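Q:
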Amino acid sequence: QVQLVESGGGLVQAGGSLRLSCAASGSTFRINTMGWYRQAPEKQRELVAKIMSGGGTNYADSVKGRFTISRDNAKNTVYLQMNNLKPEDTAVYYCNSDGPRGRYWGQGTQVTVSS
Numbered sequence: 516q517v518q519l520v521e522s523g524g525g526l527v528q529a530g531g532s533l534r535l536s537c538a539a540s541g542s543t544f545r546i547n548t549m550g551w552y553r554q555a556p557e558k559q560r561e562l563v564a565k566i567m568s569g570g571g572t573n574y575a576d577s578v579k580g581r582f583t584i585s586r587d588n589a590k591n592t593v594y595l596q597m598n599n600l601k602p603e604d605t606a607v608y609y610c611n612s613d614g615p616r617g618r619y620w621g622q623g624t625q626v627t628v629s630s
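So the sequence shown is numbered by my numbering: it starts at 516 and just counts up by one.
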């Protein structure tokens, strides 16, 4: 089983920055695809960004050029650097791990962007 613990959420003004972290347990971290998803009130959960084991990345169009996903395999941690935040980025952000042991989710961290 993989456990994921997110941190770094909070309240920020529009145009500001936050960095989310997700610490993962387990020995398969380096071969897992890690992702960040978000869910706003009354909306479906959506992919924000993901990073594959080889370092390749995918981003939602809405965050391209503003968000950067990265991973540190030595620390079993994935990061999401969020710059130029907008009110529409307000949501609960969830870390996701997808690998040979299955798919797992963190508990979520709230990001609120005020206008």
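By construction, the Cβ of each residue, glycine as well, lies at the ideal position given by its N, Cα and C atoms. Every value quoted in this text rests on a predicted model; they were computed, and no experiment measured them.
Quick one: is ILE566 buried, meaning 16 or more other Cβ sit within 10 Å of its Cβ, or exposed?
A: Buried: at least 16 other Cβ atoms inside 10 Å.
Q: Need the endpoints of the beta strand (DSSP E) that ILE566 sits in, please.
A: Element bounds for ILE566: 561-566.
Q: Among residues of its own chain, excluding the 5 on either side of GLY525, which ones have a beta-carbon nearer than 8 Å to its beta-carbon?
A: Answer for GLY525: LEU533, GLN625, VAL626, THR627, listed in chain order.
Q: Return the first residue and the last residue of the beta strand (DSSP E) that SER585 is part of.
A: From DSSP, the beta strand (DSSP E) with SER585 extends over 582-587.
Q: Using the rule of at least 16 other Cβ atoms within 10 Å of the residue's Cβ for burial, across every protein chain shown, is GLU603 buried or exposed?
A: Burial call: exposed.
Q: Roughly how many angstroms separate the alpha carbons of ARG618 and MET597, rounded to a whole number?
A: Those two C-alpha atoms are separated by around 24 Å.
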